[in-house]
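Okay, so here's the structure we're looking at.
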DNA sequence: ACACGCCTATGAAACTTTTATGAAGCCTCA
DNA sequence: TGAGGCTTCATAAAAGTTTCATAGGCGTGT
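Protein chains in written order, with full-length UniProt numbering: chain F, 1 to 231; chain Z, 1 to 231.
Structure follows, in structure tokens:
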């Protein structure tokens with residue numbers, strides 16, 4: 001099993017270092033972001049199992065980061081522990097409302113921190129990052145996909161599209177749904193664009209004799225599906 | 001068992017996000033529609049197990065959406081919880097009259113919401129999305145139909161027609177009724193067209209030795225029915 | 001039983017809708 | 001600035017729908 005992957009978002013370098021150092025000693029893999037922008041970028045690059053998120057951040061605020069993560073399907077249930085200075089307690093309710101899973105008031109002891117982290121991870125154990133479907137394997141940590149042991153090279157969009165489909169095998173999605181879930185948010189793109197990406201995905205996925213894993217459902221959309229014999 | 005599928009219809013993005021996020025954390029599959037038009041479209045695409053329906057909506061109002069769902073046979077008993085702002089209490093009676101199953105006054109806490117959702121679902125447990133009749137199985141999530149394990153390939157209209165028949169087995173429908181329920185609404189098509197689709201459905205459904213599952217009732221219409229022995 | 005009059009089944013043609021595909025233009029990132 | 005990747009667009013190709021003409025059944029009254 002992979003080590004649990006944490007992301008610490010904290011702009012105060014001293015505190016950040018302290019937290020990171022201690023968590024690493026607890027045998028977590030720890031990454032750090034100094035502001036909201038960077039945090040989102042880090043998450044995009046590799047999804048952590050838990051985020052420690054400071055409330056006050058330069059640029060995009062912690063709460064905003066939280067909200068943005070929540071509205072993205074793939075990060076919607078990513079555990080978040082908010083950190084904030086005393087006196088902002090009133091915000092705690094808002095923080096929890098907006099989707100934080102826990103809330104720590106600074107200053108806090110490292111033991112408290114460890115306890116909360118463990119508690120949250122116990123409640124939502126880090127999911128296996130590897131997706132499988134038929135002879136397809138997606139390694140979400142290494143950001144690699146292979147079929148039958150053959151490494152596939154996918155563009156970012158194709159990757160997200162396949163990832164979403166692999167999260168919901170044998171389920172049909174309309175183009176709207178696919179755009180909503182597999183594209184960066186707020187992108188207003190032609191529905192037909194999905195077709196093109198499906199084609200590229202198919203080209204990459206299906207070697208010569210291999211059956212097509214993507215099923216077209218006319219007037220509905222597409223599904224990742226076991227290719228059945230049909231007469 | 002598939003996760004329970006909810007549809008949140010709410011035009012205020014902030015509130016919508018809040019509701020969706022919290023419900024997702026309760027392990028529901030949540031979809032969202034920003035107006036009445038979109039809501040009806042979503043329902044058409046995939047029928048949810050419960051709808052949270054805002055009263056005030058741009059375009060088609062919540063109450064109108066509710067009414068339209070009620071008059072469609074297939075959605076007539078779909079559970080609906082109406083949401084409305086304080087001060088519209090008077091409407092609550094009207095709302096319940098029109099067929100809502102419950103009524104929430106904004107602002108409401110998430111716990112209240114969860115409780116109501118659970119209560120309604122307990123009262124009307126989400127139907128299995130898989131329809132069965134004799135050796136026919138229709139997977140409405142994956143949009144697949146098989147008979148005797150043999151995958152059938154149906155066109156959109158045949159699919160809807162069969163779906164409707166499977167929802168009401170052993171019941172005879174006139175061509176008018178079939179057109180009304182299995183065709184996109186507001187389509188004005190010859191009655192005789194139904195015959196053609198019934199034929200195509202039969203062709204696909206009935207392999208060589210298999211008995212015909214569709215019974216013709218002269219001067220009345222058709223029914224999906226257990227085949228009678230006859231030699 | 002027979003014949004006539006409604007219905008229904010069926011094949012095929014005309015049409016409509018939807019999807020697949022190739023290629024061009026853009027944008028971004030290195 | 002070049003390469004890779006994303007979108008759009010035009011067009012070809014499928015797939016599905018509707019209509020129509022005709023053949024075939026069934027029921028009923030005599």
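All C-beta atoms, glycine included, are put in the ideal place defined by N, C-alpha and C.
- Residue 172/F carries a coil assignment under DSSP once its states are collapsed to helix, strand and coil.
- Segment contact: the stretch 131 to 143 of chain F against the stretch 186 to 195 of chain F, fewer than three CB-CB distances shorter than 8 angstroms; contact not assigned.
- Assignment of beta-bridge partners to residue 130/F by DSSP yields 139/F.
- For the 8 angstroms CB-CB criterion, residue 75/Z and residue 45/Z do not form a contact.
- At a cut-off of 8 angstroms between beta carbons, residue 77/F contacts chain Z.
- By the beta-carbon neighbour count (other beta carbons within 10 angstroms, threshold 16), residue 27/F is exposed.
- For the UniProt domain "Response regulatory" (5 to 121) of chain F, the continuous alpha helix (DSSP H) assignments of 4+ residues that do not extend past its boundaries occur at 13 to 25, 36 to 45, 62 to 71 and 89 to 98, in sequence order.
- Under the criterion of beta carbons closer than 8 angstroms, residue 36/Z and residue 60/Z qualify as touching, at roughly 3 angstroms.
- Of 24/F, 223/F, 22/F and 63/F, the smallest CA-CA separation from residue 39/F is found for 63/F.
- Pairing residue 129/Z with residue 183/Z, the inter-Cα distance amounts to about 20 angstroms.
- DSSP links residue 221/F through a beta bridge to 217/F.
- In the displayed model, residue 3/F falls within coil according to three-state DSSP, outside both helix and strand.
- If you ignore the 5 residues before and after residue 117/F, its C-beta comes within less than 6 angstroms of no other C-beta in its own chain.
- Assignment of beta-bridge partners to residue 146/F by DSSP yields 137/F and 151/F.
- Check the Cα spacing between residue 85/F and each of 57/F, 71/F and 25/F: the tightest is with 57/F.
- DSSP places residue 193/Z in the helix class (H, G or I) of the three-state scheme.
- Around the beta carbon of residue 20/Z, 16 or more other beta carbons sit within 10 angstroms, so the residue counts as buried.
- Restricting attention to 173/F, 203/F, 163/F and 185/F, the CA atom closest to the CA of residue 223/F is found in 173/F.
- Residue 227/Z carries a coil assignment under DSSP once its states are collapsed to helix, strand and coil.
- Listed in chain order, the non-local C-beta contacts of residue 201/F below 8 angstroms within the same chain comprise 154, 158, 161, 162 and 214, local neighbours out to five positions each way being set aside.
- The C-alpha of residue 50/Z lies about 14 angstroms from the C-alpha of residue 2/Z.
- For the pair residue 71/Z and residue 77/F, the Cα-to-Cα distance works out to about 37 angstroms.
- Take the alpha-carbon of residue 4/Z and the one of residue 66/F: they are about 25 angstroms apart.
- In summary, the residues of the stretch 155 to 179 of chain F whose CB is separated from some CB of chain Z by less than 7 angstroms are 170, 171, 172 and 174, in the order they occur in the chain.
- A distance below 8 angstroms between beta-carbons, with the five flanking residues on each side excluded, links residue 204/F to the following residues of its chain, in chain order: 152, 153, 154 and 158.
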